[in-house]
Every structure is written in C-alpha cells, then in structure tokens.
Amino acid sequence: MRLPFFTEPLGLEGRVFPPEAASYTILRLVRSFLVKCDLEFLRGNGEPMAQVLTQTDIAGLTPRRGKVRDIYDLGEQILLVATDRLSAFDVVLPTPIPDKGVVLTQISQFWFEHFSSTVPHHLLYVVSRERVPAGLEKFADQLVGRAMVCRKAKVLPVECVVRGYLAGSGWAEYKKSQTICGIQLPEGLKQCSRLPKPIFTPTTKAEQGHDEPITIDQAGERIGQEMANRVGDLSLRLYSKAAEYARGRGVIIADTKFEWGVTAEGELILIDEVLTPDSSRFWPADAYEPGHDQPSFDKQFVRNYLEGLVEKKQWDKTPPGPVLPGEIVEQTRKRYVEAYEKITGQAFAKVGA
Ligand SMILES: Nc1ncnc2c1ncn2[C@@H]1O[C@H](COP(=O)(O)OP(=O)(O)OP(=O)(O)O)[C@@H](O)[C@H]1O
Ligand SMILES: [Mg+2]
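Below, the structure is given as structure tokens:
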C-alpha cells in the first residue's frame, strides 16, 4: 500500500527507502509516531526546547562567517559561535538543523576537557547564562551553549586528518592505488576495514571549495617540515586517545580532522571544533562490519540522502543546496544528539539551551 501524500524518501538507520519500497508506508507511519513522541518528550512546559539559529546578529560587530561558525574578533580573544547551518560537500544547505550548533559546541567542550592534560588548546569557556562576554549580555540568547570564547591563534593552513578505518575519499583512493595520501597500505582491505594502525593524511585548508589531500612532505612545504611532523604526531596521539575512550562507549571513531594554530606568544595549540559529528565519522561499534557503508551518528546520513538526489539528477553538489524535507531534518538532528549522548554519557535535553 502506498499513500499518495508520502512522496519523500525515508531515511532510517543510515538507509534510504524510496516511496515505492514495499516496507515504506509502514516504516513511515511508525517513524512519524516515534518522532512525534520524541518531540513531545522534548517539550518542557509547552515550549519546544529545540531552537534554531541560522546566523548570528550582534549589533556593532561584524563577523567572519565560515560554513558553520560565525567568528567574532574580541581583541585578545575570539568568539566562535556554532550556528545550526549544515554544510555537505562544501555547500551550505538552506535548511538548518535545530540544536546542531549546541551539540557541536558541547561535544568540542567535552573533548577539550578530556585532552586538557595532553595538549594546550584554545577554549577558555563556553558562554552560559552565568558567563557572557562583557558588552554582549543583550545577545546571550544567540550565544548560550553554542559560543566558545577562545584564545586567538594564527591558523596553520593544513587540516590534520587522522584515519583509523578505510572510508570516504580514503576508500576511493585505496581502490585505485592501494594508497591514501601516498601512504602504501596492505592489499585485501575492504570498505570500512580497520587500518593496521591509524594514519595521518593531511589536506590543504582551502579558503573556498574542497580541501585537497596532500602528502606529509607537501604539508611540510606549507608549514615547515618540523611543524608538519609535530602536528602529525600530536593529531595521531589525540585520535588514539579519543578512539580508545569512544570504543568504551560503543562508538568507533573511524576518522577525524584536527586544526592547529600558533598564538601570539608562539605556542602551538589545538583550535576549532574537536571530534564532532561534522569533523569525524562515528559508527556504532555493535553494528560494525567491514565490506560496506556503516550506519553512523554523523553527517553521513544527510550525505546519503543528498547522494540520492545526485543520482536522480536533482542536484549536482554545487550551490544552492537543496531544501531538506522535515523528515531528513528530524533524523539528522536525532543523529547529532545521539552522538552527543553516546560520547558524553549525558542526556542532551539537560544541557545547552
Ligand atoms: N582559535 C582560533 N583562532 C583563529 N581562528 C580559528 C580558531 N579556531 C578556529 N578558527 C577558524 O575559525 C573557522 C571556523 O569556521 P567554520 O567551522 O565555519 O569553518 P570552515 O572552515 O568555513 O568550514 P569547515 O569546518 O566545513 O571546513 C575556521 O576557519 C577555523 O580555522
Ligand atoms: Mg570548520
């Protein structure tokens, strides 16, 4: 049975069911019911907890707008506000994901604290009702839970990607040449196989468009060989530490991207967001099975939906991005919240907003 008013593909557990699939209508009805329950649960005293912020607007200050963050110069410090914008394939979509920015900031804060004895980092504090930067009190609603006050740094123009598993562009390169970023790998690995040991596979940090993979020597040409080795080693150390922790919470961190910067005093510090669903691939450990794509707690769900549009020639991965259907927004939000809860062990509804 197919009901005529259901026309959008249904995303469930990382799979996309087209409207013509045999199980589509029943899955859709069950899921709509569950989503409704979930939303009801999230409503406190009649007010929806979910809040949306597409861009900040702070009178008197002009931000630099990244794909996801609005960055304000506060003099000695910077204010990094994670909005609910979602970028996929380097295109910012017109549809925000409620609470996404809060989730990203809270997860980053968790990792900064987790790593605080391992590396110096840029986070000074996350804006809360009790602590708002002087002069910005009027704008607290846009900042609480989602803005980080950070030490300012000169950003190293290399993105420090670490991979523990074979996925995404790494898998595509491996299939062609049995390498990733020029690093030779053993034969016979499958899609999503665990690598013999984690590898550092840096990329350029493009002002616009896509980051391109580079070798460690090419990273050295940009930031100096000694610095390239140093951030490579540090990134590998952080990845291993985080991966071991997350494994204990049932999450595989397949890969991630770190950014590093140098302060005015010349100190190398960890900056930007850390080990979030935007900068990493998170897979549920209990469902892990190499040989195919994995279900995930990250952006892969919305990427799969968008790939479906590309296959149907409804989008070509260039701006403007497509509007996301409500179902996809809700499922994406759920995955971000799930990532937060899995990693931190805390209920999301109790923090942030
Ligand atoms: N402590 C810091 N000092 C200066 N710049 C920083 C600091 N931390 C992060 N940044 C920069 O702030 C920007 C954050 O914006 P955003 O996350 O939207 O990034 P983006 O690079 O545009 O997109 P994407 O994350 O998808 O690559 C990045 O360019 C990052 O390098
Ligand atoms: Mg970024």
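If you count by my numbering, then the sequence shown holds residues -17 to 335, one letter each, in order.
Positions of the beta carbon are idealized from the N, C-alpha and C atoms, including for glycine.
Nothing here was measured: the structure is a model prediction, and the numbers come from that model.
- Here tyrosine 156 carries a helix assignment [DSSP, helix/strand/coil].
- Three or more pairs of CB atoms, one per stretch, sit closer than 8 Å, so the segment 300 to 314 contacts the segment 72 to 92.
- Between glutamate 141 and aspartate 81, the CB-CB gap reaches or exceeds 8 Å.
- For threonine 238, the enclosing beta strand (DSSP E) stretches over residues 233 to 244.
- If you keep only unbroken beta strand (DSSP E) runs of at least 3 residues inside the segment 36 to 93, you get 51 to 55 and 59 to 64.
- For serine 69, the shortest C-beta to heavy atom distance toward ligand 1 is below 7 Å.
- In this structure, the beta-carbon distance from alanine 41 to arginine 51 does not fall below 8 Å.
- Straight across, the Cα-Cα distance linking lysine 158 with leucine 250 is about 36 Å.
- Counting only runs of at least 3 residues, the segment 110 to 172 fully encloses the following beta strand (DSSP E) elements, listed from N- to C-terminal order: 129 to 133 and 140 to 147.
- Of the residues assessed, aspartate 254 falls on the buried side of the cut-off, its CB having 16 or more other CB atoms within 10 angstroms.
- Boundaries of the alpha helix (DSSP H) around serine 222: 207 to 229.
- Closest option to alanine 188, judged by alpha-carbon separation, among Gln328, Gln37, Trp297 and Glu241: Glu241.
- Here histidine 103 is bridged, per DSSP, to Leu252.
- The Cβ atoms of arginine 145 and threonine 183 sit closer than 8 Å to each other.
- For leucine 257, no alpha helix (DSSP H) run applies, since DSSP gives it neither H nor E.
- When rounded, the separation of the alpha-carbon atoms in glycine 164 and phenylalanine 121 is 48 Å.
- The continuous alpha helix (DSSP H) containing isoleucine 310 extends over residues 308 to 326.
- At a threshold of 7 Å, lysine 134 counts as near ligand 1, since its beta carbon sits closer than that to one of the ligand's heavy atoms.
- For phenylalanine 283, the enclosing alpha helix (DSSP H) stretches over residues 282 to 293.
- When C-alpha distances from leucine 56 are compared across Gly117, Ser222 and Trp93, the shortest belongs to Gly117.
- For tryptophan 265, the enclosing beta strand (DSSP E) stretches over residues 262 to 266.
- Counting along the chain, the unbroken beta strand (DSSP E) around proline 178 starts and ends at 176 to 182.
- Taking 7 Å as the cut-off, one finds no heavy atom of ligand 2 near enough to the beta carbon of glutamate 189.
- Annotation for aspartate 298: Val292 place their beta carbon closer than 7 Å to its own, counting only its chain and skipping 5 residues before and after.
- Burial is judged here by how many other beta carbons sit within 10 angstroms of a residue's own beta carbon; serine 217 has at least 16 and is buried.
- For arginine 67, same chain residues with a beta-carbon under 7 Å away, outside a window of 5 residues either side, are Thr36, Lys49, Val50, Val74 and Pro78 in chain order.
- When the five nearest sequence neighbours on each side are left out, the beta carbons in the same chain lying within less than 8 Å of the beta carbon of cysteine 132 are those of Gln59, Ile60, Leu61, Leu62, His104, Leu105, Leu106 and Ile253, in order along the chain.
- Cβ-Cβ distances below 7 Å link arginine 231 to Lys324, Ile325 and Gly327 in the same chain, with the five nearest sequence neighbours on each side left out; the list follows chain order.
- In its chain, beyond the 5 residues on either side, Thr38, Asp52, Ile53 and Tyr54 have a beta carbon closer than 7 Å to the beta carbon of proline 45.
- Beyond the five residues adjoining it in sequence on each side, glycine 214 comes within less than 8 Å, by CB distance, of Cys142, Phe182, Pro184, Ile198 and Ala201 in the same chain, given in chain order.
- If you compare the alpha carbons of Ala225, Thr300 and Gly83 with that of arginine 128, the shortest gap goes to Gly83.
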